[in-house]
Amino acid sequence: MKNGKIGTRIAKRVIAASLLISLAGTGLGTHAHVYAAGRQPAQIMYVHGQKQVEVNGKVQQLAAPLPVVKGTTMIPIHTIAGAVGAKVYNDQMGTHIDTYANKVTLNVNMRGARRNNSYQLLTAAAVRINGTMHVPLTAIKQLWTGSYTYNSQLKQIDITIQPDPNAVPVADFKAPAEVKLGEPVVFEDLSYDPDGKIAKAEWSGRKNAYFEPGVYTVTLTVIDNEGARSVQKAQEIRVTDEVMYTPFEYHMRYGNPGDKFTVDTKLMNSYPEVETLESRGGRTLYMSNAPERFFGEGLLYEDELDGPSRLFIHHRNGSEERLKLAVVVTNEQSESIRVTIGSRGLAGPSVSALQFGSAAVTRYLKGAEPSELIVEPGTSAVLLPELEKIVMNPNEGFSGLLDVDTDGPLTFSTMAVRESTDPLSVVFALPQLEKVGNRGTFANTDLSIEVNEPLGIAERKLRLGSRGNTIPGVDALTDEATVDGGEYGAVTTIRLKNVAYGTRIILNPRAGNFSGAVAVNGKVIAVPAGGHASPADGVLLYRQEQPESDASELPVPPEVTITYTSPGASALPVLLVFFPGTAFE
Numbered sequence: 007m008k009n010g011k012i013g014t015r016i017a018k019r020v021i022a023a024s025l026l027i028s029l030a031g032t033g034l035g036t037h038a039h040v041y042a043a044g045r046q047p048a049q050i051m052y053v054h055g056q057k058q059v060e061v062n063g064k065v066q067q068l069a070a071p072l073p074v075v076k077g078t079t080m081i082p083i084h085t086i087a088g089a090v091g092a093k094v095y096n097d098q099m100g101t102h103i104d105t106y107a108n109k110v111t112l113n114v115n116m117r118g119a120r121r122n123n124s125y126q127l128l129t130a131a132a133v134r135i136n137g138t139m140h141v142p143l144t145a146i147k148q149l150w151t152g153s154y155t156y157n158s159q160l161k162q163i164d165i166t167i168q169p170d171p172n173a174v175p176v177a178d179f180k181a182p183a184e185v186k187l188g189e190p191v192v193f194e195d196l197s198y199d200p201d202g203k204i205a206k207a208e209w210s211g212r213k214n215a216y217f218e219p220g221v222y223t224v225t226l227t228v229i230d231n232e233g234a235r236s237v238q239k240a241q242e243i244r245v246t247d248e249v250m251y252t253p254f255e256y257h258m259r260y261g262n263p264g265d266k267f268t269v270d271t272k273l274m275n276s277y278p279e280v281e282t283l284e285s286r287g288g289r290t291l292y293m294s295n296a297p298e299r300f301f302g303e304g305l306l307y308e309d310e311l312d313g314p315s316r317l318f319i320h321h322r323n324g325s326e327e328r329l330k331l332a333v334v335v336t337n338e339q340s341e342s343i344r345v346t347i348g349s350r351g352l353a354g355p356s357v358s359a360l361q362f363g364s365a366a367v368t369r370y371l372k373g374a375e376p377s378e379l380i381v382e383p384g385t386s387a388v389l390l391p392e393l394e395k396i397v398m399n400p401n402e403g404f405s406g407l408l409d410v411d412t413d414g415p416l417t418f419s420t421m422a423v424r425e426s427t428d429p430l431s432v433v434f435a436l437p438q439l440e441k442v443g444n445r446g447t448f449a450n451t452d453l454s455i456e457v458n459e460p461l462g463i464a465e466r467k468l469r470l471g472s473r474g475n476t477i478p479g480v481d482a483l484t485d486e487a488t489v490d491g492g493e494y495g496a497v498t499t500i501r502l503k504n505v506a507y508g509t510r511i512i513l514n515p516r517a518g519n520f521s522g523a524v525a526v527n528g529k530v531i532a533v534p535a536g537g538h539a540s541p542a543d544g545v546l547l548y549r550q551e552q553p554e555s556d557a558s559e560l561p562v563p564p565e566v567t568i569t570y571t572s573p574g575a576s577a578l579p580v581l582l583v584f585f586p587g588t589a590f591e
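In structure tokens, the structure reads:
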């Protein structure tokens, strides 16, 4: 560590097209919707005398060249159907070639045809040739919105058929008309798009269970792949005052990771602590958090880092002007130094510290592709150019958590500067801002916790966010001792070696509002899925699922690994509480 300052200071929406269908020689085939970007016209190209056809840019082989009957060129309907994505079928009325908006009916050896509700007299009768229904070329104009040209020199026929107009999707669902309090509600989504696919569903009032009696209106609107919105579908659900499950009972049985529900906060704290094996090590932590609220340009924190480290940056703009944060690294050595930025989470600007603190942790746990920066001898470089875009209005804040690895000593300077200021031009000239709160550099901050005792036999708890003695460190700008009481910026890895099938794990805040994330077996879970949790809430993290097995003995339950880091602005500590599954079977 060093005492004092150093020196002087991510469309255009594209929808995949699927236009071709295979049809049997009889002209029958399967339905294929047209998912064309911008609904492009169908293109068909024949050459007289050749046993092939080009449909929407793809060549297909024909059983025989295009036939000419009594001077009239005849076109196989399976080619037309394949080009426009039509359904072809036979019944007592004749042969049908149907799209959503264009329905054609033909009969063999008859000139009369139907297009929707209109009768059309063709220039020649529809005929079956080699087992396949054919129509005269002129039917392209009569039965489809099409046109054609003929090149006599090339003997080439080019056919263009315009697509149907986009059909409005249909919103529909089924749900019970009446349920009990806490009863699981099953919604069956019956929505469809006649000529495309559903791209988005917008529900309101829908819940997996209701915990207050009354009448609830559930609505659904769907949007198709071309942006058309359906008419809204609505249904009322009456919730009686008869209780099937309390919120706690329901979510422990049917909840999803991230679900929040009411718990008995005193009871959560009464459970015995699990026995643990613990060790600290890992990265050096650089914490820039004081002053948390700054009131102008200045140096927020600075120290020298060498090797595996982690930066935790959490600040708010308390001034009346727009300001941004910057992290500058300076190489005072005689050789170039490589710095690698690994997992990182940057969040802000926002007026909600819970929100940007939680978002930073969530993004950090999700990981990121590493990036590298080479800092030449005697030079400085901006570590995170993306911070240039995160400009804080008055009262807005920012939080960042990122791993850095250097192959030599570099000095890291965290600064608050005006929107238009180039950080490199002022890194050696900014005044040191007054310390209000906590900052510092802390060694061996990461914690490994191993739990070997059986979990899921009886209720147990594990406290996080403050494990016994706080993490000691030094404020490099004042050379004073400091502590990281909430373990902010530190990463805790919990390895649960013996978790019985059915075990439920929840998180319960103990000191106030909490909003963050954890990773369970590598899967990142928002805690909670929306908003924040209080000491009266539990958030479901994990359920040890029992596999379906015909064997007389089940396999040993898998280990469970939980990765936790304290989100900026959240109240600490929190509890992990373990419940036996037998209570919810």
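Using the working numbering, the letters of the sequence shown map in sequence onto residues 7 to 591.
From the three backbone atoms N, C-alpha and C, an ideal C-beta is built for every residue, glycine too.
query                                                                                                                                                                  : result
Among Val526, Leu560 and Phe520, which residue has its Cα nearest to the Cα of alanine 577?                                                                            : Phe520
So, does the CB of histidine 140 fall closer than 7 Å to a CB anywhere in chain B?                                                                                     : Here there is only one protein chain, and chain B is not present.
For asparagine 136, does the three-state DSSP call read helix, strand or coil?                                                                                         : coil
Mind reading off the beta-carbon distance from aspartate 490 to threonine 476? Whole number of angstroms is fine, and I expect it under 8 Å.                           : 6 Å
Under the rule that 16 or more other beta-carbon atoms within 10 Å means buried, what is proline 437, buried or exposed?                                               : exposed
From which residue to which residue does the alpha helix (DSSP H) around glutamine 148 run?                                                                            : 145–149
Decide if the region 230–250 is in contact with the region 542–559; the criterion is three or more beta carbon pairs, one per stretch, under 8 Å apart.                : no
Could you check which residue in Met274, Arg134, Gly373 and Val505 has the C-alpha nearest to that of proline 561?                                                     : Val505
What residue does the alpha helix (DSSP H) around tyrosine 370 start on, and which one ends it?                                                                        : 359–372
Note down the Cα distance separating asparagine 62 from leucine 226, rounded to an integer number of angstroms.                                                        : 36 Å
Would you mind giving the Cβ-Cβ distance between threonine 509 and phenylalanine 585, rounded to the nearest angstrom? I have them listed as a contact below 8 Å.      : 7 Å
Within 10 angstroms of its Cβ, does serine 426 collect 16 or more other Cβ (buried), or is it exposed?                                                                 : exposed
Glutamate 551: which of Gln238, Ala132 and Asn262 sits nearest, CA to CA?                                                                                              : Asn262
With a 10 Å radius around its C-beta and 16 neighbouring C-beta atoms as the bar for buried, classify methionine 421 as buried or exposed.                             : buried
So, using beta-carbon positions, are serine 153 and threonine 144 closer together than 7 Å?                                                                            : no
Am I right that valine 367 and leucine 407 are in contact with their C-beta atoms under 8 Å? What's the rounded C-beta distance?                                       : 6 Å
Tell me which residue opens and which closes the alpha helix (DSSP H) that serine 342 is part of.                                                                      : Serine 342 -> no alpha helix (DSSP H), and no H or E assigned at all.
Applying the criterion that 16 or more other CB atoms from any shown protein chain within 10 Å of the CB defines a buried residue, is threonine 223 buried or exposed? : exposed
For the ligand MG, is there any heavy atom lying closer than 6 Å to the beta carbon of methionine 250?                                                                 : For the structure depicted, the ligand MG is absent and the ligand set is empty, with no information on it obtainable.
Considering only C-alpha positions, which residue in the set Ala517, Val480 and Val566 is nearest to arginine 501?                                                     : Val566
Can you give the Cα-Cα distance for tyrosine 256 and glycine 479, rounded to whole angstroms?                                                                          : 45 Å
Starting from the N-terminal side, write out each stretch of the beta strand (DSSP E) that is 3 residues or longer and does not extend beyond the region 241–280.      : 266–268
Under 8 Å by Cβ, that's how I've got valine 249 and lysine 186 pegged, so tell me the actual separation to the nearest angstrom.                                       : 7 Å
Go through its chain and collect everything with a Cβ distance to lysine 503's Cβ below 6 Å, but skip five positions before and after it.                              : Asn458 and Glu565
Answer yes or no: do valine 94 and isoleucine 103 have a C-beta to C-beta separation smaller than 7 Å?                                                                 : yes
Give the straight-line distance between the Cα atoms of glutamate 189 and tyrosine 251, rounded to the nearest whole angstrom.                                         : 6 Å
Thinking C-alpha only, which one of Glu341, Ile146 and Glu279 is nearest leucine 581?                                                                                  : Glu279
For aspartate 309, count neighbouring Cβ atoms within 10 angstroms of its own Cβ and tell me buried if that reaches 16, exposed if not.                                : buried
Taking 7 Å as the cut-off, decide whether the C-beta atoms of glycine 348 and aspartate 409 are in contact.                                                            : yes
Quick check: the region 298–306 against the region 268–284, are at least 3 beta-carbon pairs closer than 8 Å?                                                          : no
Grab me the residues of alanine 130's own chain with a C-beta within less than 6 Å of its C-beta, minus the 5 sequence neighbours each way, in chain order.            : Thr78 and Pro142
Which same chain residues, not among the five before or five after serine 364, have their C-beta less than 6 Å away from its C-beta?                                   : Ser521, Gly522 and Pro573
How big is the Cα-Cα spacing for valine 397 and arginine 322?                                                                                                          : 11 Å
Taking just the CA atoms, how far does methionine 99 sit from tyrosine 52?                                                                                             : 30 Å
What does a CB cutoff of less than 7 Å around tyrosine 125 pick up in its chain, not counting 5 residues either side in sequence?                                      : Gly118
Go to leucine 439, then tell me how far its alpha helix (DSSP H) extends in each direction, as first and last residue.                                                 : First-last for leucine 439: undefined, no H or E at that position.
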